[in-house]
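Oh and the sequence shown: position 495 is 483 in our numbering, straight run, nothing missing.
Shown next, in structure tokens, is the structure this report addresses.
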Amino acid sequence: MCGIVGIVGAEFKIDELVSDLQKLEYRGYDSAGIAYIENGRISITKTLGRIQNLKEKIKPVTSLAGIAHTRWATHGVPNDINAHPHTDCTGKIALVHNGIIENYVELKEFLLERGHKFISDTDTEVIAHLIEENYEGDLYRAVLKTVKQLNGAYAIAVMHSDHPDILVAARKGSPLVLGKAEDKVILASDVTPIIKYTKDVVFLEEGDIAILKEREYKITDSNGNLVVRKVYHINWDEAAAEKSGYKHFMIKEIKEEPEAIENALVGRITQEGPVLNELKEFDLENIEKIKLVACGTSYHAALVFKYFVEKHSDIDIEVDVASEFRYRNVHVDDKTLVIAISQSGETADTLESVRIVKKKGAKVVAISNVVGSTITRESDVTVYMNAGPEIGVAATKTYVNQLVVLYILGMSLLKRRNIWNEELENDYKFLKESPKLFRKLLESLDIDELASYYKNYNHFMYIGRGINYPTALEGALKLKEISYINATAYPAGELKHGPIALLDPTFPVFAIAPQGYLYEKIKSNIEESKARKARIIAVTNEGNEGLSKIVDDVIYVPSAPDDMYPLIMSPIIQIFAYLISDMRGYDPDKPRNLAKSVTVE
Ligand code: M6R
């Protein structure tokens, strides 16, 4: 979603600010813009499309303060006019915004009556005019008054030409992070543009307003009381957020999976077995229900947890997508454990679900990759997945690490409830070995030719059964989001209840078919698909040579215990989607219409 960067302090080149904005490209956007002070006035450059276009348009000037923005359109089509920054009637105020102002129509009517002139179709422009309306010489006071009139979600950064050395920022519902370097303060939607300047950051909390100056910042709550917010140390290095010679972030991040798994396992694999210190204080022994809530890929990881833990215990486990969960009358109590999974820790629907269940008395464990993100601060405890920065919009190494962390969570929960057997011991051994197995798989995997054969098909049906069904869902999501191919996923047993009508030679089936306990069942479903003349690609385990006699193409992964196939199959579905996207001429890192961090509902 929209990305914000602001800098104030010692004079800087504005193309530096635009380069910092590029670090937020991965969040997804359709236009970009920048505002800075030039000869005592606000100067603005905006453009539809890539930040590179903006770079080509800007002048080689310096400024003491500037704000920059990538827009992901919600109100008004993507174009130069609707791009941020927006200004007031005097042109002295410039503002960037991430979020949605729900009462913008009423506010606009009020402002129109007061004589304000609007030029864009955005909800954001009302904020600039409202600040103008409330401004009496003190920008902070004007923002404080203005945000009280806004309903909805916002992260804003504001500048005023009468105060060329300050920025004012405010947040409610959308994230904002600050970092203080030697001679400047930097503000951004997430930490990626900041780590170049400092690794110590502060996350603004709901309702916070901040005044940023050259060497200092002050934060107040929504009533104007000074507050002190915790400083978090981020140990991501800048290089981790670079492509390092790879064509795309997505493939780089897939190749980083072995190391990412190692980082997720550190301290969690012990002599005594799987341990999550974060949950030491949690009464996992007496939990009666578990509810998992997440969106997209994170939801698929949650489903794997359900299949895994449910198989080995009698705990009631329910999984829901957050956008549904938050509007249901969910029954939770102090014997319910809610697990909220969010790579970014900022997904609006997941965050709201956390708030709802916490009010109802449930304990919430967050699983996230971003230290200090909103969900981690609002949950009772966080289990970090330690995948390092993921820039590609498509979740890859973070999906793998979500699975790893969820397996560890499931195993330690079972162990603490005195459920442990040979099968779980083998799962655990496999998990410990998985970085090595991933390395071997990623080094030897060669499916370029296969991807090239399939790249022009316009439809795919992904099927799986049991714990391998989420892999089918994730495979279809990966393919559709970066290749724009109509990929759909079904539990294989459901094919005959409708979707099989779609199958013909133009509609290949991608079957997740390891020799696990439902293997014979999925083989029958493969046969049913073949009978409709669909081509079949199957992923199965090494040693299952027999399957190649039935299907058109086979991809092999190392043999694994039944429970662990979702993990070892992940790179296959990711690389298949990556190759097809690249071969079709798309940029897999920046799929159209999508955002990495979905901060609006
Ligand atoms: O940051 P989150 O894990 O909460 O994001 C949820 C989804 O938006 C996300 O998993 C999305 O589906 C993936 N980027 C798709 O690859």
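Ideal Cβ positions, reconstructed from N, Cα and C, are used throughout, including at glycine.
- Secondary structure of Ala169 (DSSP, three-state): coil.
- Secondary structure remark: continuous alpha helix (DSSP H) runs of at least 4 residues inside the region 360 to 421, in chain order: 362 to 366, 385 to 404.
- Here the distance from the Cβ of Gly87 to the nearest heavy atom of the ligand M6R is not below 7 Å.
- In the structure shown, Tyr123 falls within a coil segment according to DSSP collapsed to helix, strand and coil.
- Going by beta carbons, Pro246 and Arg427 fall inside the 8 Å limit.
- Remark: the shortest separation between the CB of Val352 and any heavy atom of the ligand M6R does not fall under 7 Å.
- Between the region 440 to 448 and the region 277 to 289 there are fewer than three C-beta pairs closer than 8 Å, too few to call the two in contact.
- Rounded to the nearest whole angstrom, the C-alpha separation of Tyr295 and Asp109 is 47 Å.
- Across the structure, Asp178 and Ala252 are spaced so that their CA atoms are roughly 22 Å apart.
- Put simply, the residues with a CB less than 5 Å from any heavy atom of the ligand M6R are Cys283, Gly284, Thr285, Ser286, Ser330, Gln331, Ser332, Thr335, Ala382, Ala383, Val586, in chain order.
- Under the DSSP definition of a beta bridge, Val281 partners with Asp308, Ala328.
- Straight through space, the alpha carbons of Met571 and Glu437 are spaced by roughly 11 Å.
- One alpha carbon belongs to Leu42, the other to Cys(-10), and they sit about 16 Å apart.
- Taking every protein chain shown into account, the CB of His117 has 16 or more other CB atoms within 10 angstroms, so this residue is buried.
- Between Ile303 and Ile278, the C-beta gap is smaller than 8 Å, which places the two residues in contact.
- Nearest Cα to Tyr478 within the set Val381, Ile556, Ile500, Lys521: Ile500.
- Distance between Ile2 and Gly54, taken at the CA atoms: about 7 Å.
- Counting the other Cβ atoms within 10 Å of the Cβ of Tyr505 gives fewer than 16, which makes it exposed.
- Between Tyr395 and Asn456, the gap from beta carbon to beta carbon reaches 8 Å or more.
- In the DSSP assignment, Ile563 falls within the alpha helix (DSSP H) that extends over 553 to 571.
- Note that the region 357 to 372 does not touch the region 514 to 524; fewer than 3 beta-carbon pairs, one per stretch, sit closer than 8 Å.
- Between Asp271 and Ser311, the gap from beta carbon to beta carbon reaches 8 Å or more.
- With a 10 Å radius around the Cβ and a threshold of 16 neighbouring Cβ atoms, Tyr205 comes out buried.
- Of all C-beta pairs linking the region 14 to 28 to the region 190 to 204, fewer than three are shorter than 8 Å, placing the two stretches out of contact.
- Going by C-alpha positions, Lys231 is about 39 Å away from Lys346.
- Between the alpha carbons of Val263 and Pro559 lies a gap of roughly 26 Å.
- In its chain, beyond the 5 residues on either side, Val179, Ile183, Lys187, Val189, Val359 have a beta carbon closer than 7 Å to the beta carbon of Ile222.
- Taking the C-beta atoms as reference points, Phe0 is found nearer than 8 Å to Thr50.
- Remark: three or more beta-carbon pairs, one from each stretch, lie closer than 8 Å, so the region 146 to 165 and the region 120 to 128 are flagged as touching.
- Here the region 84 to 101 makes contact with the region 135 to 144; the two share three or more CB pairs at distances below 8 Å.
- Check the Cα spacing between Ile275 and each of Leu402, Gln259, Leu164: the tightest is with Leu402.
- Asp76 counts as buried, since at least 16 other C-beta atoms from the protein chains shown sit within 10 angstroms of its C-beta.
- C-alpha of Tyr450 to C-alpha of Leu491: approximately 12 Å in a straight line.
- Under the 10 Å beta carbon count, Asn406 is surrounded by fewer than 16 other beta carbons and is classified as exposed.
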